[in-house]
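One structure is given below, encoded as structure tokens.
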Amino acid sequence: MENNIDDIIGTAVIFIMGFIFFFYGFMQLRRKRLIEDMPTSTVRGLALGLVELQGVARPSIILRSPITLTECCVYEYKVEQYCEHRKDDKWVTVAYGNSFKVPFYLEDKTGKVKICPEEAEMLWSDRLSYITGGFRKQIPDFLTTFLEKNGIKYRSWLGTKKFRFTERYFLEGEPIYVLGTAVPENEQSLEVDKQCLIQRLEELKSDPQWIKQIDTNQDGYISQEEWDKAVAQIESELLSSAIKDSSLDNASGIKICKANSEEVFIIGTENQHLIIKNFSWDMLKYLLGGPLLSLGALGYILWRLKGMGFFN
Amino acid sequence: MVISVMLWLVLIFVALGIIIYAVAIYNGLVRLSRNIEKAWANIDVILKQRRDEIPKLVKTCEGYMQYEQDTLEKITAARTFCIQAKTVAETAQKEAQLSSLLRQLFAVAENYPSLKADQTFLQLQQRISYLENQIADRRELYNDSVNNYNIRIHQIPDMFVARLCGFSDKELFNITDTERKDVDIDFNLPK
Numbered sequence: 001m002e003n004n005i006d007d008i009i010g011t012a013v014i015f016i017m018g019f020i021f022f023f024y025g026f027m028q029l030r031r032k033r034l035i036e037d038m039p040t041s042t043v044r045g046l047a048l049g050l051v052e053l054q055g056v057a058r059p060s061i062i063l064r065s066p067i068t069l070t071e072c073c074v075y076e077y078k079v080e081q082y083c084e085h086r087k088d089d090k091w092v093t094v095a096y097g098n099s100f101k102v103p104f105y106l107e108d109k110t111g112k113v114k115i116c117p118e119e120a121e122m123l124w125s126d127r128l129s130y131i132t133g134g135f136r137k138q139i140p141d142f143l144t145t146f147l148e149k150n151g152i153k154y155r156s157w158l159g160t161k162k163f164r165f166t167e168r169y170f171l172e173g174e175p176i177y178v179l180g181t182a183v184p185e186n187e188q189s190l191e192v193d194k195q196c197l198i199q200r201l202e203e204l205k206s207d208p209q210w211i212k213q214i215d216t217n218q219d220g221y222i223s224q225e226e227w228d229k230a231v232a233q234i235e236s237e238l239l240s241s242a243i244k245d246s247s248l249d250n251a252s253g254i255k256i257c258k259a260n261s262e263e264v265f266i267i268g269t270e271n272q273h274l275i276i277k278n279f280s281w282d283m284l285k286y287l288l289g290g291p292l293l294s295l296g297a298l299g300y301i302l303w304r305l306k307g308m309g310f311f312n
Numbered sequence: 001m002v003i004s005v006m007l008w009l010v011l012i013f014v015a016l017g018i019i020i021y022a023v024a025i026y027n028g029l030v031r032l033s034r035n036i037e038k039a040w041a042n043i044d045v046i047l048k049q050r051r052d053e054i055p056k057l058v059k060t061c062e063g064y065m066q067y068e069q070d071t072l073e074k075i076t077a078a079r080t081f082c083i084q085a086k087t088v089a090e091t092a093q094k095e096a097q098l099s100s101l102l103r104q105l106f107a108v109a110e111n112y113p114s115l116k117a118d119q120t121f122l123q124l125q126q127r128i129s130y131l132e133n134q135i136a137d138r139r140e141l142y143n144d145s146v147n148n149y150n151i152r153i154h155q156i157p158d159m160f161v162a163r164l165c166g167f168s169d170k171e172l173f174n175i176t177d178t179e180r181k182d183v184d185i186d187f188n189l190p191k
């Protein structure tokens, strides 16, 4: 009897989930129509508010993706370790990072505009999705370098632990699609510049050549003075690059980011038609799947109740 | 009993689906309509900026172009007509005439080396050219918005909601070739 009630409660949850999926399907429909209805603006004709842009990605500072060390405009990575337990085998995230605090540019034939990818829904595919390691298996060198640098132990008593590496990025010059809010730039941009500096320093810290270069007295130790000098140099490099950017930038004074008033901020590598197609599939999946799930769950509940003698 | 409950659920889903879909269509049409208004307001801002530059341009040119008073007067008159324009079509026509006259003025300015060397004139020329490019970009965006809206209100099933709620066609910001070339300005300015 108790088992029956547990079963029915579980199925009732599935029944409610069917309704939630159904409404989620309509939310996807709304987003799909928003993309369809929004005309694509040029950077030169940009006005404040929700805008859709298409162009190519340009970096504000050249970043290196941490795993494959590819030069890019923005990146995201995740490393998961396979954990075996008696009943519950699962992937556990052991390292995650992104460069979403560092802005990049979208350039079209009329100019370029700053994109702040923080809080954006990124529609991009995996550039690296690699499962490696395990019993009597070796992990490629470039991946072990990454694991060692991040202090992740990968050796086990018979080979290596099993890892899944995922990395995504936009390359310079790669076509991108952006649907976001154009807002005037304010003091926040200074904060962003600081992020650029931090990102750049983090990258350079792992470059032995650079460390050697800033060690002016060659004593193998970076003093506070040497470090401050190096930071000042990087800061001045970033500043001159920013000045150069702003002179080329037709939409200077405007950036694209997530605004509180708008729920959408999409950045993707696919073109608009593909994005709409993906949203259409999602929408159909939920609009049809939701009711089917609810119907199935209700049928099961009624069948169980009938078995328990409720409809006699 | 089981079958009738299931049928009721199917009916509930269908009814909910139709209601939510109709609301989504209505909201979509409202958004499109507001997008057009916003796109027009965005063009209007730039048109106003261009109109604000014209008195400065005319003043700068007057000192150098004694023999081109006719062109300068035509530009001033065209600017006044642009300010008075009410509808999208009227604005499009008047602004096209103004653009055409400005192009004519910049072409004539080639014959006046001292004017061409004047920094104020050069800055104004650059500024007006930039504004004209912006107008062209925003006009394209406006026309795309109108086109999306006009297509939607004639498509099934949006058409039913549009008719029920009184959504009608909107005007495009069209400039015909004749309007581009036509620079004859009537000087009967309002007193």
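Protein sequences, first through last, are from chains A and B. Residues in the first sequence are numbered consecutively from 1, following my numbering. Residues in the second sequence are numbered consecutively from 1, following my numbering. For every residue, glycine included, the Cβ atom is placed at its ideal position computed from N, Cα and C.
Assigned exposure category for residue i - 16 Cβ within 10 Å defines buried
i	result
ARG152(B)	buried
ILE185(B)	Confidence at ILE185(B) is low in this model, with a pLDDT of 42, below 50, so the placement of that residue should be treated as unreliable; the coordinate-derived value is given next. So ILE185(B) ends up on the buried side.
ILE135(B)	buried
ALA315(A)	With chain A covering only 1 through 312, there is no way to say anything about residue 315(A).
GLN81(A)	buried
GLU107(A)	buried
GLY133(A)	buried
ILE208(B)	This structure does not reach residue 208(B), given that chain B is present from 1 up to 191, and the question cannot be answered.
ARG64(A)	buried
CYS201(B)	Because chain B in this structure spans residues 1 to 191, residue 201(B) falls outside the shown range and cannot be described.
C-alpha distance - residue i paired with residue j, whole-angstrom precision
i	j	result
THR42(A)	LEU53(A)	7 Å
GLU118(A)	PHE310(A)	54 Å
ARG168(A)	ARG33(A)	27 Å
ASP37(A)	ILE256(A)	19 Å
GLU172(A)	LEU123(A)	17 Å
ALA120(A)	LYS258(A)	7 Å
PHE135(A)	TYR96(A)	25 Å
LYS229(A)	PHE104(A)	26 Å
VAL113(A)	THR93(A)	34 Å
GLY296(A)	TYR21(B)	24 Å
LEU9(B)	LYS285(A)	19 Å
ILE267(A)	VAL178(A)	5 Å
ILE8(A)	ALA15(B)	26 Å
LEU102(B)	LEU131(B)	12 Å
GLU90(B)	ASN147(B)	19 Å
VAL45(B)	GLY45(A)	12 Å
CB contact below 8 Å: residue i versus chain A
i	result
LYS38(B)	yes
SER145(B)	yes
LEU115(B)	no
ILE20(B)	yes
GLN134(B)	yes
PHE13(B)	yes
ASN148(B)	yes
ALA77(B)	no
GLY28(B)	yes
ASN42(B)	yes
MET6(B)	yes
ASP52(B)	no
ASP169(B)	no
VAL10(B)	yes
LEU32(B)	yes
ASP137(B)	yes
Test: residue i CB closer than 8 Å to a CB of chain B
i	result
THR181(A)	no
GLY45(A)	yes
LEU298(A)	yes
THR110(A)	yes
GLY49(A)	yes
ARG30(A)	yes
LEU248(A)	Because the pLDDT at LEU248(A) is just 48, under 50, the model does not fix this residue reliably, and the value given afterwards should be weighed accordingly. No, LEU248(A) does not count as interfacial toward chain B.
PRO208(A)	no
ASP322(A)	Past the edges of chain A, shown from 1 to 312, lies residue 322(A), and the structure says nothing about it.
ASP37(A)	yes
SER41(A)	yes
Simplified DSSP assignment, three categories, for residue i
i	result
SER247(A)	Note that SER247(A) has pLDDT 49, beneath the 50 cutoff, so the model's placement of it is unreliable and the number below is only indicative. Helix, per DSSP.
ARG155(A)	strand
THR166(A)	strand
ASP126(A)	coil
THR216(A)	coil
ALA162(B)	helix
GLY111(A)	strand
ARG106(A)	It is Leu, not Arg, that sits at residue 106(A) in the sequence shown. Three-state result, LEU106(A): strand.
LEU142(B)	The question names Leu, yet the displayed sequence has Tyr at residue 142(B). TYR142(B): helix per DSSP, three-state reduction.
Residue i beta carbon near the ligand COA (any heavy atom closer than 7 Å)
i	result
VAL13(A)	Annotation note on the ligand COA: not contained in the displayed structure, which lists no ligands.
Query raised in the report: Unbroken beta strand (DSSP E) runs of length 3 or more, entirely within the segment 30-83 of chain A: which are they?
Result: 49-59 and 74-83
Query - Within the segment 273-303 of chain A, ranges of the beta strand (DSSP E) (whole runs, at least 3 residues) - result: none
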